[in-house]
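Report on the following structure.
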Amino acid sequence: MDARRPVEPGEAAFQGEFESERPRLVALASRVLADASEAEDVVQQAWLRLHGTDTEIDSLPAWLTTVTTRLCLDRLRARTPVPVEEIDVVETAPDPADQVALADSVGVALQVVLDRLTPGERVAFVLHDTFGFEFATIAAVLDTTPAAARKLASRARAKVTQPAPEDALADWEVVDAFMAAAREADFDRLLRLLAPDAEVTADDAALLAGTPASIRGRRAIAEFFNGSAQAALPVYVGDRPGAAWFHRGAAAVLFDFTVLGGLVARITFRAEPEVLAQVARREATQRKPTERKRP
10 MDARRPVEPG EAAFQGEFES ERPRLVALAS RVLADASEAE DVVQQAWLRL HGTDTEIDSL
70 PAWLTTVTTR LCLDRLRART PVPVEEIDVV ETAPDPADQV ALADSVGVAL QVVLDRLTPG
130 ERVAFVLHDT FGFEFATIAA VLDTTPAAAR KLASRARAKV TQPAPEDALA DWEVVDAFMA
190 AAREADFDRL LRLLAPDAEV TADDAALLAG TPASIRGRRA IAEFFNGSAQ AALPVYVGDR
250 PGAAWFHRGA AAVLFDFTVL GGLVARITFR AEPEVLAQVA RREATQRKPT ERKRP
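So the sequence shown is numbered by our numbering: it starts at 10 and just counts up by one.
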């Protein structure tokens, strides 16, 4: 649907204020849904709801925020049906952790954990920790109580910052998060994904291809990869996830990752023919080597 269609006479009163709110609404929906295109669609739906309502609106920004968030919530529920647990609401003193904004720490890797939250947890976490909404406002959006909204956000925060074993990132998720951070020049995220004593090494064939012989330490490795590896593609080498540079359809240099405890402990550049023969392309979100597809 074209967001820039001609404005009908009845729409003109809201058009200017809506357009001023559009960037904020798109940012909110993008964070909740993790999909920019879907976020634009949701915001356009909010505009259509606004055009069609005959309700008296006291605060247009608040009304648009509520409608946009509820549309996002509907999409989350339709996207991944998750059994919703009953919330045993216990009134407690304000949690000091509620004052800590964690949004900037949610990188590509932690987005995987965010995707595993229930729709209610995800909305409560994003609205509070990313955008600073009060729990009374979040409760109105979720049609619950402020205490229940607080508990949803707290539960989500715990899952994001200290994931349970079943929510721990798989090796392929860590590898893909690291390579995404490298391409996007996200230095801080690279540091977070590297073990303190991480190292980079290379076999003789990779050295001949121009890779460094050795890099030691988290900061030095992050500096090397920051903004690099733009052309590397996700692969499997045997049963291990990695990345590789390709030349004329064939793997030329493999980035062989060792992941320990959810962190990159070692990257070995490898170009030996017998190793490259084991390399197979995979989709960036492919989990199992049995699912891989060769070019």
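Idealized CB from N, CA, C, for every residue including glycine.
Opening and closing residue of the beta strand (DSSP E) in which residue i lies
i    : result
I276 : 272 to 279
V183 : It is not in any beta strand (DSSP E) - V183 instead sits in the alpha helix (DSSP H) that spans 180 to 192.
V288 : 288 to 290
Distance, residue j Cα to residue i Cα
i    : j    : result
G226 : R164 : 34 Å
V51  : A214 : 51 Å
D265 : L85  : 35 Å
A286 : R279 : 11 Å
W72  : N235 : 41 Å
D152 : G129 : 10 Å
A253 : A238 : 9 Å
A145 : A158 : 8 Å
A148 : L161 : 10 Å
D97  : P155 : Low confidence applies here, because D97 scores a pLDDT of 41, under 50, leaving its location unreliable; read the following figure in that light. One C-alpha to the other measures close to 13 Å.
CB of residue i within 8 Å of CB of residue j, strictly
i    : j    : result
E26  : L80  : no
F255 : L242 : yes
Q37  : T77  : In the sequence under discussion, the amino acid at residue 37 is Leu, which differs from the Gln named in the question. In contact: L37 and T77 (Cβ atoms closer than 8 Å).
L269 : I230 : no
T267 : R257 : no
F142 : V169 : no
V150 : T75  : yes
A260 : V244 : yes
R40  : T127 : no
L82  : V35  : no
A218 : V246 : no
Residue i - partner residues in DSSP beta bridges
i    : result
L203 : V273
Range of the contiguous alpha helix (DSSP H) that encloses residue i
i    : result
R58  : 45 to 61
F144 : 144 to 151
R125 : Per DSSP, R125 belongs to no alpha helix (DSSP H) and is neither H nor E.
V135 : Element bounds for V135: n/a, residue is neither H nor E.
P283 : A small correction: the amino acid at residue 283 is Glu; Pro does not occupy that position in the sequence shown. 282 to 285 is the span of the alpha helix (DSSP H), which, as asked, contains E283.
### Query
What alpha helix (DSSP H) runs, 4 residues minimum, are completely inside the region 206 to 268?
Listed in chain order, the complete alpha helix (DSSP H) runs (minimum 4 residues) inside the region 206 to 268 are 213 to 217, 227 to 234.
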